[in-house]
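Asker: Protein chains in written order, with our numbering: chain A, 223 to 595; chain B, 223 to 595.
From the three backbone atoms N, C-alpha and C, an ideal C-beta is built for every residue, glycine too.
Number of protein chains: 2
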Amino acid sequence: MDAVRWTRTGTGQGMLPGKLRLIDQTRLPGELVYIETDDRDEIVDAIKRLVVRGAPAIGCAAALGLTAVCQHSGAKSATAFLAEVREHAAVIGAARPTAVNLAWAVNRCVRKLEAGAGDEGRGERVEGKGTGAAAVAALKDALAREALAILDEDMALCRAIGENGVALFEGRKGVGVLTHCNAGALATSDFGTALAPIYAAQERGLAPRVFADETRPLLQGARLTAWELHRAGVDVTLICDNMAAQVMREGRVQMVIVGADRIAANGDTANKIGTYGVAILARHHGIPFYVAAPYSTIDSALAQGSQIPIEQRAADEIRHGFGRLTAPADCKVYNPAFDVTPAELIAGIITERGILRPPYPETIREFMARCGG
Amino acid sequence: MDAVRWTRTGTGQGMLPGKLRLIDQTRLPGELVYIETDDRDEIVDAIKRLVVRGAPAIGCAAALGLTAVCQHSGAKSATAFLAEVREHAAVIGAARPTAVNLAWAVNRCVRKLEAGAGDEGRGERVEGKGTGAAAVAALKDALAREALAILDEDMALCRAIGENGVALFEGRKGVGVLTHCNAGALATSDFGTALAPIYAAQERGLAPRVFADETRPLLQGARLTAWELHRAGVDVTLICDNMAAQVMREGRVQMVIVGADRIAANGDTANKIGTYGVAILARHHGIPFYVAAPYSTIDSALAQGSQIPIEQRAADEIRHGFGRLTAPADCKVYNPAFDVTPAELIAGIITERGILRPPYPETIREFMARCGG
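1) Please look up how many angstroms separate the CB atoms of B/Y599 and B/M477, rounded, as I've assumed it's under 8 Å.
2) Compute the Euclidean distance between the alpha carbons of B/L567 and B/R505, then round it to the nearest angstrom.
3) Quick one: does A/A225 have its CB under 8 Å from some CB of chain B?
4) Return the Cβ separation of A/A434 and A/A448 in integer angstroms, given the expectation that the two are a contact with Cβ distance under 8 Å.
5) Starting from A/Y512, follow the beta strand (DSSP E) in both directions and report where the run begins and ends.
6) Buried or exposed for B/V255, going by 16 or more other Cβ atoms inside 10 Å?
7) Quick check on B/C593: buried or exposed, where buried means 16 or more other Cβ atoms within 10 Å of its Cβ?
8) Residue ranges of each beta strand (DSSP E) run of no fewer than 3 residues wholly in the region 494 to 562 of chain B, ordered along the chain?
9) Can you name, in chain order, every residue of its own chain whose Cβ lies under 7 Å from the Cβ of A/G236, other than the five neighbours on each side?
10) With DSSP as the reference, identify every bridge partner of A/E258, one or two as the case may be.
11) Taking Cβ positions, are B/A418 and B/G393 nearer each other than 8 Å?
12) Please check if any C-beta of chain B sits within less than 8 Å of the C-beta of A/A549.
13) Where does B/D435 sit, in a helix, a strand or coil, going by DSSP?
14) So which residues of chain B does A/T459 contact, with C-beta pairs closer than 7 Å?
15) Return helix, strand or coil for A/I568, following the three-state DSSP convention.
16) Using the beta-carbon count (16 or more within 10 Å), is A/D552 buried or exposed?
17) Per DSSP, which residues does A/V458 bridge with? Please list them.
18) Got a sec? Which residues, its chain only, sit under 6 Å from A/A405 by beta carbon, not counting five neighbours each side?
19) Report the residue from B/A487, B/I314, B/V432 whose alpha carbon sits nearest the alpha carbon of B/E222.
20) What residues in its chain sit with their C-beta under 6 Å from that of B/L286, if we drop five residues either side in the sequence?
21) Let me confirm a value: A/G398 is counted as buried when at least 16 other C-beta atoms fall within 10 Å, else exposed. Which label applies?
22) What does the Cβ neighbour count give for A/P278, buried or exposed, with the cut at 16 atoms within 10 Å?
23) Which residues, taken in chain order from the region 500 to 515 of chain A, show a beta carbon closer than 9 Å to some beta carbon of chain B?
24) Taking 8 Å as the threshold (C-beta atoms), are B/A300 and B/E355 in contact?
25) In chain B, which residues lie with their C-beta within 9 Å of the C-beta of A/R308?
26) Based on DSSP bridge pairs, tell me the residues matched to B/L400.
27) Counting along the chain, where does the beta strand (DSSP E) carrying B/T229 start and finish?
28) Anything in the region 557 to 586 of chain B with a Cβ closer than 8 Å to a Cβ of chain A? List those residues in chain order, please.
29) With DSSP run on the structure shown, which of helix, strand or coil describes A/A405?
30) What is the DSSP secondary structure of B/A364, reduced to helix, strand or coil?
31) Check the Cβ of A/E436 against every Cβ in chain B and list those closer than 8 Å, keeping chain order.
32) Where do the ends of the beta strand (DSSP E) carrying B/L250 lie?
33) Using a Cβ cut-off of 8 Å, pull out every chain B residue sitting near A/F544, in sequence order please.
34) Rounded to the nearest angstrom, what separates B/G345 and B/T289 at their Cα positions?
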């Protein structure tokens with residue numbers, strides 16, 4: 223799966239020239255269409271329209287997009303080039319206000335260039351490459367390398383989450399796994415987070431059997447999770463959200479794995495609306511409920527989940543979501559985008575550096591200290 | 223609200239000739255359209271396609287439908303007519319497998335005719351109306367009267383369920399009630415079952431606040447419950463099924479009331495898929511979970527819920543339900559129409575003759591003995 227990639231458009235040995243390439247996720251599951259672009263407005267529009275979504279994927283797209291735009295700069299000095307990069311970074315970084323990885327990724331690129339250019343006084347000399355055009359060319363290369371590093375790191379951490387999570391399958395074939403929303407390959411640059419252990423199990427021939435909640439109102443489970451697992455040859459069965467309890471009762475599921483948008487210091491986990499209900503159902507049926515997420519999702523500054531603000535979304539996502547009116551047009555709607563699953567319902571948090579187990583206040587504190595986070 | 227009615231098409235004083243009239247619930251909430259028919263295939267199709275749905279409404283529709291079809295019989299003797307009635311009853315009664323009221327209603331009609339016809343030896347003489355054509359005409363009238371009796375009884379029992387259920391509101395204003403699917407006026411011939419206590423509370427000025435699960439895949443909660451409550455001026459808020467846990471957690475709900483398709487002798491209750499999950503969530507949050515249903519829904523012959531067959535429905539209800547493809551077209555789907563909520567999760571069963579409380583094997587046995595059922 224290649225939701226976010228860099229495409230070289232030249233014949234030279236370096237990364238440049240090239241373009242940002244995205245799977246247009248607004249066209250799924252009907253059509254698999256790629257968008258290739260080096261145009262800033264198109265990149266901002268793609269992020270706004272959810273052509274690319276999922277925090278890690280947005281971060282990678284923003285960094286590669288910044289590279290694609292800045293390669294065409296006609297700046298004559300490192301200083302002038304840096305000014306242009308900062309301006310493009312500000313615009314791309316503001317494409318969606320709440321996606322923390324978006325600003326994080328473009329800021330990381332800018333800081334890298336500032337550090338490199340700053341070595342030789344006012345940014346006119348760069349890493350021994352001289353001044354003027356040579357310095358600008360060197361900065362363009364450095365930007366491309368940093369953006370690709372962000373992509374490579376994301377791919378590596380997906381793989382690591384998969385490696386750590388696959389231990390839960392303990393060599394058992396045909397384990398039933400229920401997942402909610404999409405924390406898969408389409409939300410990242412590679413294996414996904416919640417789906418990474420499933421892909422890893424599939425690679426090992428363990429043939430996991432996945433039940434994907436369709437995840438109303440925006441149906442990420444139906445449109446994206448079912449699509450990407452099906453395409454990858456994984457045995458996936460789509461269900462409506464309200465069927466999870468019955469599937470559990472029938473013994474079809476031995477494990478739940480979901481992603482996370484934010485994890486508090488005590489282990490409370492914010493994720494797509496419905497996750498909390500799935501966790502209660504899993505507890506009722508004695509099925510372990512796991513969260514899979516990179517350690518960057520843990521926000522040590524938040525003592526507990528009740529401090530996480532819950533975004534309310536538009537009523538028509540529910541009333542008019544399938545291309546036709548499915549409720550009275552003026553009916554009152556409650557549409558929270560996320561919920562918080564309390565730590566006591568979570569059997570483990572699968573990260574790229576291992577599986578965290580309860581009691582979370584302690585294990586998370588130790589883990590963050592070890593990671594320097 | 224008039225989901226199921228008999229329309230007289232002649233000018234005489236009796237009920238015949240006439241047609242079964244249904245609100246086409248597949249067209250709601252966009253359009254209020256009625257279907258009038260006396261054609262068996264159309265009636266079976268209407269039941270299958272959920273033009274009419276909800277156990278009591280299906281029972282009424284089946285009995286009135288049987289009447290509408292049989293009125294055109296050219297049988298020359300009571301015996302021949304009864305054979306035709308039995309054949310039509312078998313076909314209509316098999317239109318959907320899980321709804322007990324369907325078979326109950328048509329069988330009640332058949333038994334009534336058999337009892338009447340049987341008085342005079344081999345069914346050739348009927349209630350003093352002589353033989354041949356006169357006997358057949360008398361049986362047609364008897365059939366119409368029995369079907370209308372079923373309709374009238376349903377209307378009376380909806381009111382009685384409302385009266386009994388409203389006691390749970392104890393004069394409190396603004397009580398939050400969560401309901402799933404539609405066991406309202408559209409599921410019956412009048413006030414509904416699960417919604418009857420809500421309508422009764424509304425009539426008493428108690429202004430209940432209802433949260434309606436949209437109820438995927440067919441969205442009866444969004445299309446029907448939200449529509450009929452909104453239309454009746456009840457404060458109703460539509461949510462996706464996966465938001466129920468969050469709504470409970472936020473303290474917005476003090477009670478759950480759902481309908482039932484079939485109740486076993488031990489209290490286990492089959493109802494629309496998702497009901498079981500709601501019951502678990504209610505238990506987790508300490509919220510009482512009630513079933514509202516007429517006593518005819520109790521099937522004493524079934525010792526427990528595991529004996530209730532669960533209908534599986536078409537995959538495209540989930541993949542392609544509302545005018546657009548929302549999942550891969552060839553994706554595997556699991557689509558059970560019902561689930562069974564175990565008796566231990568049910569705080570009470572609101573019937574037209576009072577509220578049954580645990581332990582159900584005992585209270586149901588006494589109740590059925592008292593009702594002669």
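Answerer: On the basis of the coordinates in this document:
1) The structure shown does not extend to residue 599 of chain B, since chain B is modelled only from 223 through 595, so no value can be given for it.
2) One-based indexing of the second sequence puts residue 567 of chain B at position 345. One-based indexing of the second sequence puts residue 505 of chain B at position 283. B/L567 and B/R505: Cα-Cα distance of roughly 7 Å.
3) Residue 225 of chain A sits at position 3 when you count from the first residue of the first sequence. Judged by the 8 Å Cβ criterion, A/A225 is not in contact with chain B.
4) By one-based count along the first sequence, residue 434 of chain A stands at place 212. By one-based count along the first sequence, residue 448 of chain A stands at place 226. Right, their Cβ atoms sit about 5 Å apart.
5) The residue labelled residue 512 of chain A in the question sits at position 290 within the first sequence. 511 to 514 is the extent of the beta strand (DSSP E) around A/Y512.
6) Sequence index remark: in the second sequence, residue 255 of chain B carries index 33 (1-based). Flag for B/V255 reads exposed.
7) Taking the second sequence and counting its residues from 1, one reaches residue 593 of chain B at position 371. So B/C593 counts as exposed.
8) 511 to 514
9) Within the first sequence, the letter at position 14 stands for residue 236 of chain A. Answer for A/G236: D363, listed in chain order.
10) Against the first sequence, residue 258 of chain A aligns to sequence position 36. DSSP output for A/E258 lists A/R243 as bridge partner(s).
11) The residue labelled residue 418 of chain B in the question sits at position 196 within the second sequence. The residue labelled residue 393 of chain B in the question sits at position 171 within the second sequence. Cβ distance not < 8 Å, so B/A418 and B/G393 don't count as in contact.
12) The residue given as residue 549 of chain A occupies position 327 in the first sequence. Yes, its Cβ sits closer than 8 Å to a Cβ of chain B.
13) As a first step, residue 435 of chain B is located in the second sequence; it is residue number 213 there, counting from the start. Strand, per DSSP.
14) As a position in the first sequence, residue 459 of chain A is number 237, starting the count at 1. Neighbours of A/T459 on chain B, chain order: K554, V555, Y556.
15) Residue 568 of chain A sits at position 346 when you count from the first residue of the first sequence. If DSSP states are grouped into helix, strand and coil, A/I568 belongs with coil.
16) Position 330 of the first sequence holds residue 552 of chain A. The residue is exposed, with fewer than 16 neighbouring Cβ atoms inside 10 Å.
17) On the first sequence, residue 458 of chain A is found 236 positions in, with the first residue counted as 1. For A/V458, which the question treats as bridged, DSSP gives the partners A/V432.
18) By 1-based counting over the first sequence, the position of residue 405 of chain A is 183. Around A/A405: G414, T415, A416, G481.
19) No information on residue 222 of chain B is available, as it lies outside the stretch 223 to 595 that chain B covers here.
20) Here the question's residue 286 of chain B lines up with position 64 in the second sequence. So the list reads W228, L242, A369, once near-sequence residues are dropped.
21) In the first sequence, residue 398 of chain A corresponds to position 176, counting from 1. Burial call: buried.
22) Locating residue 278 of chain A in the first sequence gives position 56, where the first residue counts as 1. Burial call: buried.
23) V500, A501, I502, L503, R505, H506, H507
24) In the second sequence, the residue the question calls residue 355 of chain B occupies position 133. In the second sequence, the residue the question calls residue 300 of chain B occupies position 78. According to the sequence provided, residue 355 of chain B is Ala. The question's Glu does not apply to it. Not in contact: B/A355 and B/A300 (Cβ atoms no closer than 8 Å).
25) By one-based count along the first sequence, residue 308 of chain A stands at place 86. Simply none; closest approach about 41 Å.
26) One-based indexing of the second sequence puts residue 400 of chain B at position 178. DSSP, once it has assigned bridges, lists B/F433, B/V478 as partnering B/L400.
27) Within the second sequence, numbered from 1, the residue matching residue 229 of chain B stands at position 7. Unbroken beta strand (DSSP E) run through B/T229: 226 to 230.
28) N557, P558, D561
29) Residue numbering aside, residue 405 of chain A sits at position 183 when the first sequence is read from its first letter. In the structure shown, A/A405 sits in coil (DSSP, three-state: anything other than H, G, I, E or B).
30) As a first step, residue 364 of chain B must be located in the second sequence, where it is residue number 142. Looking at B/A364 - three-state DSSP - the assignment turns out to be helix.
31) Stepping through the first sequence from its first residue, residue 436 of chain A is reached at position 214. Here the neighbours are R438, I540, T548, A549.
32) For the purposes of this step, residue 250 of chain B is taken as the residue at position 28 of the second sequence. From DSSP, B/L250 is part of no beta strand (DSSP E); its letter is neither H nor E.
33) Sequence index remark: in the first sequence, residue 544 of chain A carries index 322 (1-based). In chain order: G543, F544, G545, R546, T548.
34) Your numbering for residue 345 of chain B matches position 123 in the second sequence. Your numbering for residue 289 of chain B matches position 67 in the second sequence. Caution applies to B/G345, whose pLDDT of 45 falls short of 50 and renders its modelled position unreliable; the value that the coordinates give is listed next. When rounded, the distance between both Cα atoms is 19 Å.
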